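Sequence positions in the sequence shown follow mature numbering (1 follows the signal peptide of the UniProt record, and there is no 0) and run -16 to -1, 1 to 422. C-beta: ideal position from N, C-alpha, C; glycine also. Computed from a predicted model, the values in this text were never measured in an experiment. Structure, as structure tokens:
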Amino acid sequence: MIIFFLLFELFVITKHEPESCPNNLKRLECGSSRPHVCADGPRPPTTFKCVKNVCGCEPFQVLHNNTCIPYSECPNICDKNSTYTDCDTACPKKCSDYPFKPKRCTRQCISNSCACNDGYVLNATKKCIRLEDCPEYIALLPKTTTTTKKPKKSKCKRNMFYSSCPNPKEVICLSSKNQSKKKCGRPKCICKKGYAKYKNKCIHMWECNIFPTMIFLFFLFPLVLTAKLKKKKCPNNLVLLHCGSRRPHKCSDGPNPPRTLECVRNVCGCVYPDVLHKKRCIPHYYCPRKCDRNSTYTNCDTACPLKCSDYPFKPKPCTRQCVLNSCACKDGYVLNDKNKCILKKDCPEYPSRPPKKPRCKDRRKVFSECPKKEEDRCFSSKLSSKECGNPRCICKEGYARYQKKCIRLSRCKYISAKRLKEDLLRNPPKKRKKFPFY
């Protein structure tokens, strides 16, 4: 029997012993029956079902070829109409937003995301398509009718006539393009034979060859030369900005540099969000991680740090947001107007000295900001409450109030004996007895 029970225990232990996970997968206490894979995209669907003791990948990792890898190492992450980025906007353009108007968006950085290329927007299935293919864009297009009314002769300009079947490509001055072989274009007014189009007008072919060249030589050519001479050449990888700042943003300005509304024309600088470091433009996250002595570097800081202007420092509403690559002030320090961490007491809003307490005229009294509502008096048996009364002068410890004065507690006993003697002399008892007086 003993051997049978020992074998049964060994069977139960081996049955409940967890199996080891293959490769670099780890056993999760609460995982999913289907782990996230590269094909799920940068924002995989979340499931609320919890499967215990299942092999899976850690957060921010996906399964690829039975091994856990970061999402950035997945092959063919994004489709042909989008590009992979480490920091994307939280409010990408969508078909449903057309026509695109300015809208409010959080200043947030979404990592491991696929951003649509220029000219592409997200559709209802979160895929990048051309703007012209959006149903909202097509619905707002003006409806064209097949039937066109022939305009009157007076509507066509000089040296022009109306044609119901014109050539799709008109004869234009200084144009080397040949006319199209297509039969008909859209009905409209075109130039007569021997004329060419120039600035929405029809002129003779000989004017077309001489007149524009004379204008270019006498007026436009000097302007082109001066523009080329004035054009600056920026060193390294700096870019010539049409509207920049005299002082470009540097790594020393921190992750959130102050912005100026000043616009300087044709100045060399870096395109936002790049910053200047050793005379070269680099992304701000490549800056050396240096914070001043009163702050520490953090990957996730609050969006509403304490400032001197927030005095007295009370709780305030703030967005639940994570600011990347930031310098957070240490305990006891706050930001001043120049975004530098200083002590709270060094803030101009913080009072330099505590307010002086008023002096009491009687030396047996002291000023209290939270006195008892009822002071201790001689011959009083009432217990005073612990609630605070109005700030005022009260008797010191070891003293009690008697007739608007503060006397010692030992004097209260003497006064009580004296008052008892006076009351007995005024109202003697019926049965006279000798009372000892102390």
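Residue i classed as buried or exposed, judged by whether at least 16 other C-beta atoms fall within 10 angstroms
i	result
I378	buried
C41	buried
K137	Per-residue confidence for K137 stands at a pLDDT of 47, beneath the threshold of 50, marking its modelled position as unreliable; no derived number is given.
D102	exposed
D285	buried
R385	buried
E406	exposed
V255	exposed
S97	buried
L260	buried
R403	exposed
D258	buried
C325	buried
L222	buried
C168	exposed
H268	buried
K382	Before going further, note that residue 382 is Gly rather than Lys in the sequence given. Answer is exposed; the Cβ neighbour count stays below 16.
Q387	exposed
Y179	buried
P135	Reliability fails at P135, whose pLDDT of 46 lies under 50, so the model's placement of it is uncertain and the value that follows must be treated cautiously. Exposed.
L125	exposed
Start and end residues, beta strand (DSSP E) containing residue i
i	result
A99	97 to 100
V223	223 to 225
Y104	104 to 106
T30	Per DSSP, T30 belongs to no beta strand (DSSP E) and is neither H nor E.
A23	No beta strand (DSSP E) contains A23, which DSSP labels as neither H nor E.
C173	172 to 175
residue 430	Residue 430 lies beyond the residue range present for the chain, which begins at -16 and ends at 422; the question has no answer from this structure.
I113	112 to 114
D258	258 to 261
L47	45 to 48
H268	Unbroken run through H268: none, as it is neither H nor E.
H188	185 to 188
Y317	317 to 319
S66	66 to 69
V255	Segment: none, V255 is in no beta strand (DSSP E) and carries neither H nor E.
C168	Unbroken run through C168: none, as it is neither H nor E.
Cβ-Cβ distance between residue i and residue j below 8 angstroms
i	j	result
C58	C22	yes
C186	K177	no
N193	L224	no
C62	C118	no
Y104	C112	yes
C89	N65	no
C271	K216	no
M198	C173	no
K183	I156	no
Boundaries (first-last residue) of the alpha helix (DSSP H) holding residue i
i	result
I122	119 to 123
Whole-number beta carbon distance between residue j and residue i, since they are thought to touch under 8 angstroms
i	j	result
C306	V318	In fact, because the Cβ distance is near 20 angstroms, the residues do not count as touching under 8 angstroms.
S310	T282	6 angstroms
C93	L327	Not quite, the Cβ-Cβ distance comes to about 31 angstroms (not below 8 angstroms), so this is no contact.
S95	C71	6 angstroms
C39	C14	Actually they do not touch by this definition, with Cβ atoms about 13 angstroms apart.
Determine, using beta-carbon pairs with one atom in the segment 270 to 282 and one in the segment 242 to 252, whether at least three such pairs fall under 8 angstroms. no
Count the CB pairs spanning the segment 345 to 365 and the segment 385 to 403 that are closer than 8 angstroms, and state whether there are at least three. yes
Segment contact, 8 angstroms Cβ cut-off, at least three pairs: the segment 309 to 326 with the segment 289 to 297: yes
Taking one C-beta from the segment 46 to 56 and one from the segment 7 to 14 each time, how about it: are there three or more such pairs within less than 8 angstroms? yes
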